[in-house]
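Novice: Please find one structure pasted underneath; my questions will follow.
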Amino acid sequence: MELFHAFGINIKNLYGATEMGIITIHRDGDIKFESVGKVLPDCEVKISEEGEIMARGPMIFAGYYKVEAEVFINSV
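Numbering of the sequence shown is given in UniProt numbering, commencing with residue 1 and proceeding in unit increments.
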């Protein structure tokens with residue numbers, strides 16, 4: 001990213017996942033190359049003791065169409 005920025009190409013670094021959407025992004029003028037940016041509005045993010053990224057907000061996947069929530073309980 002630093003190379004692109006050196007040539008005036010403004011590339012954004014962000015963080016998201018398939019069932020989560022984007023939860024962090026760099027804002028113009030606030031880019032730190034070792035970071036994935038700041039948390040978006042309406043999103044809460046917490047890092048667990050195990051290092052798991054936990055997020056909640058309107059961009060989080062709510063479930064599959066016509067699939068009961070019980071399917072996902074203890075599925076891992």
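Glycine residues also receive a C-beta, built at the ideal position from the N, C-alpha and C atoms. Note that the coordinates shown come from a computational prediction; the quantities given were computed from them, not determined experimentally.
Which one or two residues does DSSP pair with Tyr64 in a beta bridge?
Specialist: Your numbering for residue 64 matches position 64 in the sequence shown. Looking at the DSSP assignment, Tyr64 forms no beta bridge with any residue, so it has no partner.
Novice: Our contact map puts Gly37 next to Thr18 with C-beta atoms below 8 Å; I'd like the distance itself, whole angstroms only.
Specialist: Numbered from 1 along the sequence shown, position 37 holds the residue referred to as residue 37. Numbered from 1 along the sequence shown, position 18 holds the residue referred to as residue 18. Contact flag wrong, Cβ pair sits at about 19 Å.
Novice: Buried or exposed: where does His5 fall if 16 or more other Cβ atoms within 10 Å of its Cβ makes it buried?
Specialist: Within the sequence shown, residue 5 is the residue found at index 5, counting from 1. When all chains shown are included, His5 counts as exposed.
Novice: Whole angstroms are fine: how far does the CA of His26 sit from the CA of Lys12?
Specialist: The count along the sequence shown starts at 1 and reaches residue 12 at position 12. The count along the sequence shown starts at 1 and reaches residue 26 at position 26. Going from the Cα of Lys12 to the Cα of His26 covers about 6 Å.
Novice: Have a look at the DSSP bridge pairing and note the partners of Leu14.
Specialist: The count along the sequence shown starts at 1 and reaches residue 14 at position 14. Answer is Ile25, bridged to Leu14.
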